[in-house]
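*Asks:* All letters in the first sequence, in the order written, are residues 15 to 840 by the working numbering. Cβ coordinates follow ideal geometry from the N, Cα and C atoms, glycine included.
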Amino acid sequence: MSSNEYLPGEIEAHWQERWEKEQVFKAPRLAPENSFYCLEMFPYPSGRIHMGHVRNYTIGDVIARYHGMNGRAVLHPMGWDAFGLPAENAAIERGIHPAKWTRQNIDYMRSQMKRMGFSYDWSREFATSDPSYYRWEQLFFIRMLEKGLAYRSRSYVNWCSQCQTVLANEQVEGGVCWRCSTPVIQKELEQWFFRITAYAEELLQGCDQLRGWPERVLTMQKNWIGKSVGAEVGFPLVNRSDALRIFTTRPDTLYGVTFMSIAPEHPIVKDLAQKDSRIADFVKRSQSKDRQARIETQTSKEGIFSGLYAINPLTQEKVPVYIATFVLMEYGTGAIMAVPTHDQRDFEFARQHRLPLRVVIQPQGESFREETMQTAYEGEGILANSGPFTGIASEEAKKKIVEYLESKGWGQKKVQYRLRDWGISRQRYWGSPIPIIYCDTCGMVPVPEKDLPVALPTDVAFTGKGESPLASHPNFISATCPRCGKKGRRETDTMDTFVESSWYFARYACPDYNKGPLDPDSVHSWLPVDQYIGGIEHAVLHLLYARFFTKVLRDLGYIRLDEPFQNLLTQGMVIKDGAKMSKSKGNIVDPDDMISRFGADTVRVFCLFAAPPEKDLDWSDQGVQGASRFLQRVWRLVIDQESLWKEVGPVPVKDLSSQGIEIYRKAHQTIQKVTDDVGRRYHFNTALAAIMELVNALYLFASAASISDPDKRLFRWSLEVLSKLLAPLAPHIAEELWARLGHKKFIVHSGWLEVDPSAVVEEMQTLAVQVNGKVRARIQVPVGFSEERVREIALGEEKVVQSIQGMRIEKVVLVPGRLLNIVVRR
RNA sequence: GCCGCGGUGGCGGAAUUGGCAGACGCGUCGGACUCAAAAUCCGAAGCCCCUCGUGGGUGUGAGGGUUCGACUCCCUCCCGCGGCACCA
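Now the structure itself:
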């Protein structure tokens, strides 16, 4: 490497090879004391990396390299979220086996990542489609089954007719499939579930411990869990022995109940539909609607009288029971008490079906009347028409009424969550098989541990029609019952791919461990992840599942950890021409193309400089040019000025010229700024801006007419500082310049920089002099000047004299190092 | 509808704890180098006004407030983005 031209292609290949050969980024098996685990969300191997990946992984790489230079042992792994639908679609469309397609994609994407110079410990790489990975997931499944955390149940589930599979609630976005945007319909199926609801409270409480997570992600998770506190109350049904159980958050409005509403899917409705064809028709009609249609008819409150009456336990009043489409079976008990005066939905329903109203809450200073109410009053107030509770404030009445209900055995306090159990069955081939055998005699039997993994068969036909290829694979289906030895039938559903990504971060600590899923020593030494980086789109999907799974693994005894990710950074999207990059928009920028034209360092610098990580990044070809220009400028600063940095030796601070002192100070200020921006704030754009300022200052310094020997030593030192500051951000050029400056050790191993606090402070400073908040002058004063002295100088300024002429000084405010404000009045 | 985030030059963005708004970069303009162009280096620039100066005013979505002082805090409103959306 001896060219004086900046040739990123050559430099980058050279250093990537050396890093790999000398295993620079290999993490030790056990983490030492001050270790750092830096993880980026691993990709689905779709074929090629896109700019979103480049940005995500560049951010992670800067953080990992920074901590490495600070002497910490860093775990920075990469792998592949390799199961999923696209592989199967490729098989159907192009006749290539999912395993082969996936392997090819992985190989190519790995090569792309290597060309970006990411500091991964590739020895820890794995794909979740490896049997050596998913076998442990099957073991977890069996353990969860034993603990009742996995169960099978027949219920209404989200079904995508395009993907021909079930979707979890988290995978339905606005009523459509998150992958293909097909409207999702409700289908009653036998499915496997993970009991995430058992952890609802802990997942919610945990949000408050996650200090290193962005507030908006926590808010989204809290909303998703959706805790509400209220009461469950039984309303006895007239002429029946059972009672209608309802959940309400407003027990204080119990005296205002004028009817009841139940979901069309409510178990009671099945009986009724058999006897009454009008009800049967209504139920059929409402169920044929997909979610989208139900939402669109929001304003219309459809319903039908069930013929049943319920008795309000508090008043002994008989109220009619309606079947209403807006009542959801999945939430609460699938039945509600209706208080039209104090719930807008009930109000609308009552109006449409001409049902009576009764006001039971009167806010201070108002008195609602049933005949004149145009909308429900949902706020607090004083109870009215509420028997012995009349006159009590609503908040207090809630407590009192619940206590009363409990004393009578009519109901009790109840906490309800919006979160529902995680449906994990997928009717697809390319996923981890669920290790269960069905036997006519023994029923559902888990596959014995010694028979794991239940491997995916490879000889499979992909027709794209009907059910999963596994369901029509005779050899796969046929199995012997582990309990009785008779012929059984294997489960053909596979697990949701979000199961794999719920624990991969732990496996990175011990990817080759084969005595169990996780090597306790290495897992406990490395975890939790110190810094996790990925897109905001996983705020409630992956990030909630991973938290849940961590708690499950803890309770199964595999891990001693409550939360997997200590700090979370959610990076924004990469945008071009005002839209997310996508094939359909035709605004895709290909990373390969950019790397070959400008080099990886330029691509990295652009991604880091154009915006702070959380914000969307606007791709700009001119911006890339700018990044490239900057690196060229850095290159020339070193290469073209060799005569100025041949002097080796410590910087003789006392003998520096005045410009030299300025440079020395500027360099230390830059170290301080970059250390804070990269190490703490993760604001790489301002770190780069500071480095650019230093480069600009060094250019001016180098062009000075004559430079003394002390100043030459300073210049050399400054270039070393510059290389190090740049090393996490643009590692190849930094490594190359470092070597050209004569260093034999990798820059990665040469330590970070210390700030000399005394070098940072300036002797003189500029203060703005304001009169009534308007800047009128700027003065140079020595640091630490007293207020009187500063004031004296300020009042001597001609501009200041002019603007306070004929005024009386009321007050003077000095903000040290910043400004002096003179407040005057006529 | 509810919750959250945001709105700063021609553009991307900076201002970290209430203290000089516009750092840094892009683009633009001017100069140097060149036969010329590109590249490079140096410099100018928020906007408006005028008597063209070492001048004045104004300015962070709009309006109001608190403060000696507000991009920053409070209230009302407008716009954009994201999440949730009949959750009882």
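Since Gly82 is in the alpha helix (DSSP H), which residue starts that stretch and which ends it?
*Replies:* That run of the alpha helix (DSSP H) goes 65-83.
*Asks:* So which of Ile602, Val619, Ser400 has the shortest CA-CA distance to Met65?
*Replies:* Closest by alpha carbon: Ile602.
*Asks:* What are the boundary residues of the alpha helix (DSSP H) that Lys687 is part of?
*Replies:* That run of the alpha helix (DSSP H) goes 672-690.
*Asks:* Identify every residue that forms a DSSP beta bridge with Asn835.
*Replies:* Paired residue(s): Gln784, Val827.
*Asks:* If you draw a straight line from the C-alpha of Met15 to the C-alpha of His746, how long is it?
*Replies:* Reliability fails at Met15, whose pLDDT of 48 lies under 50, so the model's placement of it is uncertain and the value that follows must be treated cautiously. Each residue's alpha carbon lies about 13 Å from the other.
*Asks:* Decide yes or no for the touch test of the segment 735-745 against the segment 788-796: beta carbon pairs closer than 8 Å, at least 3 of them.
*Replies:* Contact fails: fewer than three Cβ-Cβ distances are below 8 Å.
*Asks:* Does the beta-carbon distance from Tyr391 to His356 come in below 8 Å?
*Replies:* Yes, they are a contact pair.
*Asks:* Which residues bound the alpha helix (DSSP H) around Asp360?
*Replies:* Taken as a continuous stretch (DSSP letters only), the alpha helix (DSSP H) holding Asp360 covers 358-366.
*Asks:* What residue does the beta strand (DSSP E) around Val243 start on, and which one ends it?
*Replies:* 241-250 is the span of the beta strand (DSSP E), which, as asked, contains Val243.
*Asks:* Pro377: buried (16+ other C-beta within 10 angstroms of its C-beta) or exposed?
*Replies:* Exposed, by the Cβ-count rule.
*Asks:* What's the C-alpha gap between Phe97 and Ser175?
*Replies:* Going by the C-alpha atoms only, they are around 20 Å apart.
*Asks:* Just to confirm before moving on: does the CB-CB distance between Ala182 and Gly437 stay below 8 Å?
*Replies:* Going by C-beta atoms, Ala182 is nearer than 8 Å to Gly437.
*Asks:* Compute the Euclidean distance between the alpha carbons of Met599 and Gly613, then round it to the nearest angstrom.
*Replies:* Going by the sequence as given, residue 599 is Lys instead of Met. Each residue's Cα considered, the two are about 26 Å apart.
*Asks:* State the DSSP-derived secondary structure class of Gly798, mapped to helix, strand or coil.
*Replies:* Three-state DSSP puts Gly798 in coil, outside helix and strand.
*Asks:* If you draw a straight line from the alpha carbon of Ile721 to that of Trp752, how long is it in whole angstroms?
*Replies:* Roughly 22 Å between the two C-alpha positions.
*Asks:* Just the C-alpha distance for Leu728 and Ile705, rounded to the nearest angstrom, thanks.
*Replies:* Each residue's Cα considered, the two are about 17 Å apart.
*Asks:* Buried or exposed: which applies to Ser717, given that a residue is buried once 16 or more other Cβ atoms fall within 10 Å of its Cβ?
*Replies:* Looking at its Cβ environment, which holds fewer than 16 other Cβ atoms inside 10 Å, Ser717 is exposed.
*Asks:* Using 8 Å as the threshold, is the segment 636-652 in touch with the segment 585-600, meaning 3 or more CB pairs across them?
*Replies:* Contact between the segment 636-652 and the segment 585-600 is absent, because fewer than three Cβ pairs lie under 8 Å.
*Asks:* Please report how far the alpha carbon of Arg32 lies from the alpha carbon of Leu767, in whole angstroms.
*Replies:* Cα-Cα distance, rounded: 24 Å.
*Asks:* Based on the DSSP secondary-structure assignment, which residues constitute the bridge partners of Arg792?
*Replies:* DSSP lists Ala782 as partners of Arg792.
*Asks:* Kindly indicate which residue of Glu481, Glu384, Ser320 has the alpha-carbon position closest to the one of Pro281.
*Replies:* Selected option, being the one with the closest Cα: Ser320.
*Asks:* Using a Cβ distance threshold of 8 Å, determine whether the segment 263-277 contacts the segment 411-419, with at least three qualifying pairs required.
*Replies:* Taking 8 Å as the limit for Cβ pairs, the verdict is that the segment 411-419 does touch the segment 263-277.
*Asks:* Less than 7 Å between C-beta atoms, sequence neighbours within five positions excluded: which residues of the same chain meet that for Phe644?
*Replies:* Answer for Phe644: Val619, Met706, listed in chain order.
*Asks:* What are the boundary residues of the beta strand (DSSP E) that includes Thr494?
*Replies:* Note, Thr494: beta strand (DSSP E), 492-494.
*Asks:* By how many angstroms is the C-alpha of Val459 removed from the C-alpha of Ser143?
*Replies:* The straight-line gap from Cα to Cα measures roughly 24 Å.
*Asks:* Does Ser300 pass the burial test, meaning 16 or more other C-beta atoms within 10 Å, or should it be called exposed?
*Replies:* Classification of Ser300: buried, given that the 10 Å Cβ count is 16 or more.
*Asks:* How many angstroms separate the CA atom of Lys128 from the CA atom of Arg79?
*Replies:* Using only the alpha carbons, I get a separation of about 15 Å.
*Asks:* Any chance you could list the alpha helix (DSSP H) runs of at least 4 consecutive residues sitting entirely within the segment 379-466, in chain order?
*Replies:* Fully enclosed alpha helix (DSSP H) runs of 4 or longer: 408-422.
*Asks:* For Tyr559, report the span of its beta strand (DSSP E) as first-last.
*Replies:* Counting along the chain, Tyr559 falls outside any beta strand (DSSP E), though it belongs to the alpha helix (DSSP H) covering 556-569.
*Asks:* Enumerate in chain order the residues of its own chain whose CB-to-CB distance from Ala493 is below 6 Å, with the five nearest sequence positions on each side excluded.
*Replies:* So the qualifying residues of the chain are Ile451, Gly502, Arg504.
*Asks:* Around the Cβ of Met509, are there at least 16 other Cβ atoms within 10 angstroms (buried) or fewer (exposed)?
*Replies:* Buried, because 16 or more other Cβ atoms sit within 10 Å of the Cβ of Met509.
*Asks:* For Phe207, list the residues DSSP reports as bridge partners.
*Replies:* For Phe207, which the question treats as bridged, DSSP gives the partners Tyr165, Gly437.
*Asks:* Need the endpoints of the beta strand (DSSP E) that Val333 sits in, please.
*Replies:* Taken as a continuous stretch (DSSP letters only), the beta strand (DSSP E) holding Val333 covers 332-338.
*Asks:* Taking only the alpha-carbon atoms, compute the straight-line gap between Lys332 and Asn326 and give it to the nearest angstrom.
*Replies:* Going from the Cα of Lys332 to the Cα of Asn326 covers about 7 Å.
*Asks:* Helix, strand or coil, according to DSSP, for Ile309 in the structure here?
*Replies:* For Ile309, the pLDDT reaches just 49, beneath the cut-off of 50, and the residue's location in the model is therefore unreliable, although a value from the coordinates is still provided. If DSSP states are grouped into helix, strand and coil, Ile309 belongs with the helices.
*Asks:* Taking 7 Å as the limit between beta carbons, can you name the residues of its chain near Gly226, skipping five residues before and five after?
*Replies:* Same-chain partners within the cutoff: Gln580, Asn581, Leu582.
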